[in-house]
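Working notes, beginning with the structure itself.
Residue numbers (full-length UniProt numbering): 1 to 339.
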């Protein structure tokens, strides 16, 4: 009886905690959008992810080094993304360099997937480009959100005792060198996705770049699982959206479902289930631009292109490693013969 009571208490606390998180997120987004405009909502959302994650994430990095890293990479994302407005071809090498450096600096510790949080602002800024006259407003919003992230992280880390001992930025970079393969694949893959979306004049470039970012993994098994889960979620999402809003409810009610699913998402940790929620949310958000059928087709095309980029780069990377191993083995054999 006591065990059931404890479980009930924990469940109630979880509901309270997740409800607070959901309301805080919605409040932040609404205030941010009201101040900085709808075109800056996604960059605000990206940084909000950092506000929620970094304060409770013991990364093993010294406190002030972590804060410097947050400030430079969050603000740098806005600046680098703006180059794409000038020319996608000019942005290509810059994106490759910037994403590669970001990956090297932030991939350790790998289980935390901290690198994904740092890449989101770049992808979200790039997906909703602004003209040069609106750029200062975007950067002001990102600056304020970054300051909030830094302050909250500082307070929480001090309270929890994080960052007293740990790696400096220089040591963090040395640790990150071992992830050079995934860093190169991520840098080239995401940059190509951004370029392809720009050349296609895609209204939703994020539908390609976010796929590449999500599927590019250190371990092959993780990559395969994510491809499987994301594809399944897309197919199931298409059927679900088509049936529910084609035959049961008018599509105008989709926003209500998105709100409900968004709240439910706070109780779900598994990638495969979150992708279904993300699909429904993205289709609903795109209805301003497309009709439902066009949105779903474009989403599927974006998924296909993203998977193709990830697989091609993975095959090239694996082939290169195999070739280098064979060359190395032959050199060892030659040395053995000589001696």
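Ideal Cβ positions, reconstructed from N, Cα and C, are used throughout, including at glycine.
This structure is a prediction, so every number in the text was calculated from the model and none was measured.
Pick from the options that is closest to residue i, judged by C-alpha positions
i: residue 129; options: 92, 276, 78; result: 78
i: residue 19; options: 288, 262, 278, 301; result: 262
i: residue 72; options: 169, 299, 26; result: 169
i: residue 99; options: 67, 180, 243, 197; result: 180
i: residue 62; options: 166, 54, 158, 104; result: 166
i: residue 281; options: 46, 254, 127, 291; result: 254
i: residue 293; options: 265, 245, 225, 249; result: 245
i: residue 122; options: 134, 268, 131, 142; result: 142
i: residue 35; options: 270, 137, 95; result: 137
i: residue 102; options: 190, 38, 135, 147; result: 190
i: residue 186; options: 215, 196, 139, 197; result: 215
i: residue 197; options: 85, 158, 273; result: 85
i: residue 340; options: 272, 204, 206; result: Residue numbering for the chain in the displayed model covers 1 to 339; residue 340 lies beyond these limits and cannot be assessed.
i: residue 87; options: 134, 201, 38; result: 201
i: residue 115; options: 96, 213, 243; result: 213
i: residue 260; options: 249, 277, 247; result: 277
i: residue 64; options: 164, 9, 321, 13; result: 164
i: residue 268; options: 14, 9, 10, 8; result: 14
i: residue 224; options: 11, 317, 307; result: 307
i: residue 270; options: 222, 158, 10; result: 222
i: residue 300; options: 155, 10, 239; result: 239
Residue i classed as buried or exposed, judged by whether at least 16 other C-beta atoms fall within 10 angstroms
i: residue 17; result: exposed
i: residue 305; result: buried
i: residue 298; result: buried
i: residue 27; result: exposed
i: residue 108; result: buried
i: residue 160; result: exposed
i: residue 291; result: exposed
i: residue 341; result: Look at the range of the chain in this structure, 1 to 339, and you will see that residue 341 is not part of it.
i: residue 220; result: exposed
i: residue 183; result: buried
i: residue 345; result: Past the boundaries of the shown model lies residue 345; the chain is included only from 1 to 339, so the question cannot be answered.
i: residue 80; result: buried
i: residue 32; result: buried
i: residue 177; result: exposed
i: residue 6; result: exposed
i: residue 119; result: buried
i: residue 96; result: buried
i: residue 131; result: exposed
i: residue 150; result: buried
i: residue 323; result: exposed
i: residue 232; result: exposed
i: residue 162; result: buried
CB-CB length for residue i against residue j, believed under 8 Å
i: residue 209; j: residue 227; result: Not a contact, Cβ separation roughly 16 Å.
i: residue 241; j: residue 188; result: Contact doesn't hold; Cβ gap of about 33 Å is too wide.
i: residue 69; j: residue 105; result: 6 Å
i: residue 21; j: residue 266; result: 6 Å
i: residue 110; j: residue 218; result: 6 Å
i: residue 279; j: residue 319; result: Residue 279 to residue 319, Cβ: 32 Å. No contact.
Check whether residue i and residue j have beta carbons under 8 Å apart
i: residue 75; j: residue 83; result: no
i: residue 309; j: residue 199; result: no
i: residue 43; j: residue 124; result: yes
i: residue 59; j: residue 66; result: yes
i: residue 172; j: residue 229; result: no
i: residue 94; j: residue 211; result: no
i: residue 49; j: residue 117; result: yes
i: residue 145; j: residue 47; result: yes
i: residue 206; j: residue 127; result: yes
i: residue 39; j: residue 140; result: no
Q: Just list the alpha helix (DSSP H) runs in the stretch 20-68, keeping only unbroken ones of 4 residues or longer that don't cross its boundaries, in chain order.
A: 41-53
Q: Would you mind listing the alpha helix (DSSP H) stretches within the stretch 108-139 that are 4+ residues and don't spill past its ends, in chain order?
A: 114-127
Q | Uninterrupted alpha helix (DSSP H) stretches inside the UniProt domain "Integral membrane bound transporter" (192-312) (no shorter than 4 residues) | A | 206-215, 220-243, 254-264, 271-286
Q. Which whole runs of the alpha helix (DSSP H) in the stretch 149-189 are 4 residues long or more, in chain order?
A. 169-176
Q. Which runs of the alpha helix (DSSP H) spanning at least 4 residues fall entirely within the stretch 70-114, listed in chain order?
A. 88-106
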